[in-house]
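**Q**
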Amino acid sequence: MEEQSSAEEFLRQFPMGDLNEKMGIELLEASPERVVATMPVKGNTQPYGLLHGGASVVLAESLGSTGSAMHAHPERIAVGVDINATHHRSAREGSVTGVATAIHLGRSTACYEVVVSDEDGRRVCTARITCALMPAT
1 MEEQSSAEEF LRQFPMGDLN EKMGIELLEA SPERVVATMP VKGNTQPYGL LHGGASVVLA
61 ESLGSTGSAM HAHPERIAVG VDINATHHRS AREGSVTGVA TAIHLGRSTA CYEVVVSDED
121 GRRVCTARIT CALMPAT
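When the letters of the sequence shown are read in order and numbered with the working numbering, they come out as residues 1 to 137.
(1) Return the bridge partner residues of Pro-135 from the DSSP annotation.
(2) Cα separation between Ser-62 and Ala-85?
(3) Suppose you measure from the CA of Leu-50 to the CA of Pro-135; what does that come to, to the nearest Å?
(4) Assuming Gly-64 contacts Ala-100 under a Cβ cut-off of 8 angstroms, what Cβ separation, rounded to an integer in Å, is found between them?
(5) Would Leu-133 be called buried (16 or more neighbouring beta carbons within 10 Å of its own) or exposed?
(6) Could you give the residue range of the beta strand (DSSP E) that holds Met-39?
(7) Report yes if the C-beta distance between Cys-131 and Ala-78 is below 8 angstroms; otherwise report no.
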């Protein structure tokens, strides 16, 4: 229970930001080890009506950055330095869920694998994000 209240307090102090709100990203779970959120397909599509690949990358970066920031807090801040993504299949409707799992939680970097899946549990995208952990000023 204390870990959950600690995460909630962190997220009150450091909300995910305006872009996440515009994209409809809803945070479901957050800890330095694992971050989970959903995002609607509608409103985040490219001209063919498919989930935009950039939307999947925004979701991945948001999740990895949130986990990294939670790991780094309060001594350090997290800034993204690298992200890559492979798009496996398309999504046309409903929502997708991103699950960021920590690969490395160090003193100077944090790295996450992010799996984005559709409502049937099929993998839509796999991303990896690395954040540098900088001294808080």
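For every residue, glycine included, the Cβ atom is placed at its ideal position computed from N, Cα and C. For clarity, every value in this text was computed on a predicted model and none was experimentally measured.
**A** So, to answer that:
(1) Pro-135 is bridged to Arg-76.
(2) So the alpha carbons of these two residues sit roughly 14 angstroms apart.
(3) For Leu-50 and Pro-135, the gap between their C-alpha atoms comes out near 40 angstroms.
(4) With a Cβ gap of about 5 angstroms, Gly-64 and Ala-100 count as contacting.
(5) Within a 10 Å sphere around the beta-carbon of Leu-133 sit 16 or more other beta-carbons, which makes this residue buried.
(6) Boundaries of the beta strand (DSSP E) around Met-39: 34–40.
(7) Taking 8 angstroms as the Cβ cut-off, Cys-131 and Ala-78 qualify as a contacting pair.
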